[in-house]
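Everything below concerns the one structure shown next.
Residue numbers (the working numbering), protein chains in the order written: chain P, 11 to 193; chain B, 13 to 358.
Below, the structure is given as structure tokens:
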């Protein structure tokens with residue numbers, strides 16, 4: 011029996027490469043190439059659809075676990091997607107080699123960082139954040155920029171990656187167009 | 013422990029130093045954290061709340077102080093005070109230096125209740141809401157069960173109750189382990205974090221929920237000091253001196269257990285405070301519970317707030333489990349004081 015190990019992808023290119031490799035191994039080269047090309051085009055279009063915003067710093071908190079709070083940095087796969095959209099990840103400042111890109115953050119750290127955008131990837135309801143101590147004053151919560159992601163899609167780098175990227179890009183564009191955030 | 017009773021001057025000195033420590037702990041608890049906020053600004057903000065001067069804190073900094081650090085500080089004070097005085101009371105009522113607030117099954121019962129809520133085998137439970145409720149219920153049921161098993165309530169004696177507590181704890185712990193074994197690795201991790209104790213989820217709501225229990229139970233424990241001093245000569249001797257031993261034991265154990273259950277439901281299982289603080293205080297002020305218990309209240313409150321300040325800053329912005337810090341600080345301090353005390357006695 012031949013065993014193939016695919017490590018966690020760390021970038022879009024990595025994910026597409028793994029899809030092509032699976033196609034070769036299962037005898038579906040053309041379909042895998044087609045899928046990867048389609049995803050690549052789709053994702054690039056999403057990235058291009060977000061205007062460059064060097065003067066608008068969009069800080070983001072991506073929650074993957076609660077009690078305690080866990081997030082991810084730009085070194086991870088999802089983190090790299092957010093970085094490609096020009097987001098500033100609040101978890102990056104806290105990253106150490108020990109956490110492998112998935113640091114634990116205290117509530118005080120998150121509130122002080124005051125992210126403009128929050129993504130929830132752990133089946134947590136957006137409405138529950140305002141009930142957490144101190145969170146009601148956080149920009150993303152006060153301005154209703156807390157987005158519930160489909161935990162299944164957000165945790166995998168399969169063919170539905172484009173769906174996740176589309177949602178991330180849409181939310182970034184929405185935040186960029188909120189004039190009250192940039193006065 | 014001490015060959016000579018401590019002088020009144022020494023007791024006053026220890027009391028004063030403990031109060032100074034409490035004030036220092038409160039200042040540290042408010043001023044130190046992952047976010048750097050000048051202490052002078054914090055003091056100015058606190059003073060502005062009583063109408064003196066103006067606060068120079070930003071709205072976000074004010075949120076950090078009043079919505080995150082302050083409730084955490086108050087809950088830490090309440091938890092430290094309750095666990096320390098409950099530990100001292102248990103040591104007195106059972107005349108056992110190894111007694112702690114979890115002796116009669118509070119920890120095992122609360123652990124089972126919390127695990128039930130976190131694992132949520134049937135689904136449908138709102139874990140954050142149900143965890144403290146089931147932990148509290150589990151703790152109280154465990155103590156009631158121990159009381160029932162340990163010699164039919166008022167007719168029990170101390171040794172029987174301790175043995176019943178050991179048996180009930182073992183039974184409930186086995187049930188908790190079974191539940192964990194049936195759950196996912198994610199749930200096991202969350203149960204484990206809860207078992208190590210933390211003040212990270214402190215809020216004003218949790219403070220107000222435990223406040224009446226802690227105030228009432230701490231007062232009962234402190235006021236029982238004279239009775240515990242009498243009981244230290246033995247049960248039969250206490251009875252011959254006119255002390256209603258069984259009634260006193262029931263009231264004291266009920267108060268200690270109720271207060272501990274309330275605290276455990278809010279902060280999880282924080283070990284070592286209940287056993288180490290009364291012993292340290294005993295080494296400093298002698299064996300009378302009229303001195304040990306009130307000083308333990310203040311010492312325990314200060315100790316836990318200092319420990320929590322370390323827990324949330326050493327590896328900031330992530331946090332160390334509070335139970336790890338209390339043991340890491342408490343054990344060496346206790347050994348040092350014990351060693352110094354032995355030299356003084358010689």
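C-beta: ideal position from N, C-alpha, C; glycine also.
Rounded to whole angstroms, the gap between the alpha carbons of residue 201 of chain B and residue 263 of chain B is 37 Å. Of P:22, P:66, P:183, P:142, the smallest CA-CA separation from residue 79 of chain P is found for P:142. Judged by DSSP secondary structure, residue 73 of chain P falls within the beta strand (DSSP E) whose first and last residues are 69 to 75.
Secondary structure remark: continuous alpha helix (DSSP H) runs of at least 4 residues inside the stretch 74 to 142 of chain P, in chain order: 87 to 94, 117 to 123.
Interface annotation, residue 158 of chain P: not in contact with chain B, CB-CB separation never under 8 Å. Against chain B, the CB of residue 35 of chain P has no partner CB under 8 Å away; the residue lies outside that interface. For residue 157 of chain P, the enclosing beta strand (DSSP E) stretches over residues 156 to 158.
DSSP, reduced to helix, strand and coil, places residue 331 of chain B outside both helices and strands of the structure shown, so it counts as coil. Interface annotation for the stretch 106 to 129 of chain P against chain B: 113, 114, 115, 116, 117, 118, 119, 121, 122, 124, criterion Cβ-Cβ distance under 7 Å. Going by DSSP, residue 88 of chain B is part of the alpha helix (DSSP H) stretching over 82 to 105. At least one CB atom of chain P sits nearer than 8 Å to the CB of residue 46 of chain B. The beta carbon of residue 72 of chain B sits closer than 8 Å to some beta carbon of chain P. Rounded to whole angstroms, the Cβ separation of residue 226 of chain B and residue 275 of chain B is 7 Å, and the two are in contact under 8 Å. For residue 283 of chain B, there is no enclosing alpha helix (DSSP H), since its DSSP letter is neither H nor E. In the displayed model, residue 318 of chain B falls within a helix according to three-state DSSP. The beta carbon of residue 89 of chain P does not come within 8 Å of any beta carbon belonging to chain B, so the residue lies off that interface. Annotation: the continuous alpha helix (DSSP H) that includes residue 75 of chain B extends over 71 to 75. Boundaries cannot be given for residue 188 of chain P, as no alpha helix (DSSP H) includes it and DSSP labels it neither H nor E.
When only Cα atoms are considered, residue 249 of chain B and residue 107 of chain B end up about 14 Å apart.
Around residue 337 of chain B, the same chain offers 319, 322, 323 as residues with beta carbons nearer than 7 Å, after the five sequence neighbours per side are excluded. In the structure shown, residue 11 of chain P adopts coil according to DSSP, grouped into three states. At a cut-off of 8 Å between beta-carbon atoms, residue 205 of chain B makes contact with chain P.
Residues of chain P whose Cβ lies closer than 9 Å to the Cβ of residue 196 of chain B do not exist, since the nearest Cβ in that chain is about 13 Å away. For the stretch 138 to 162 of chain P, the set of residues with a beta-carbon nearer than 7 Å to any beta-carbon of chain B comprises 143, 144, 147, in chain order.
Annotation: Cβ neighbours of residue 76 of chain B in chain P (cutoff 8 Å, chain order): 118, 121, 122, 144. Here the C-alpha atom of residue 126 of chain B lies approximately 6 Å from the C-alpha atom of residue 146 of chain B. Excluding sequence positions up to five before and after residue 30 of chain P, its CB lies within less than 7 Å of the CB of 42, 43, 46, all in the same chain and listed in chain order. Annotation: residue 99 of chain P has no Cβ neighbours in chain B at a cutoff of 7 Å; minimum Cβ distance is about 14 Å.
Judged by their CB atoms, residue 208 of chain B and residue 333 of chain B are nearer to each other than the 8 Å cut-off. Around the C-beta of residue 291 of chain B, 16 or more other C-beta atoms lie within 10 Å, and the residue is accordingly described as buried. Of the other Cβ atoms in all chains shown, 16 or more fall within 10 Å of the Cβ of residue 316 of chain B; this residue is therefore buried. Residue environment analysis places residue 220 of chain B among the exposed positions, since fewer than 16 neighbouring C-beta atoms fall within 10 angstroms of its C-beta. Inclusion of residue 237 of chain B and residue 93 of chain B in the CB contact set at 8 Å is not warranted, their separation being larger than that value.
Minimum Cα-Cα distance from residue 335 of chain B among the listed residues B:343, B:329, B:161 corresponds to B:343.
Interface annotation, residue 202 of chain B: in contact with chain P, CB-CB separation under 8 Å.
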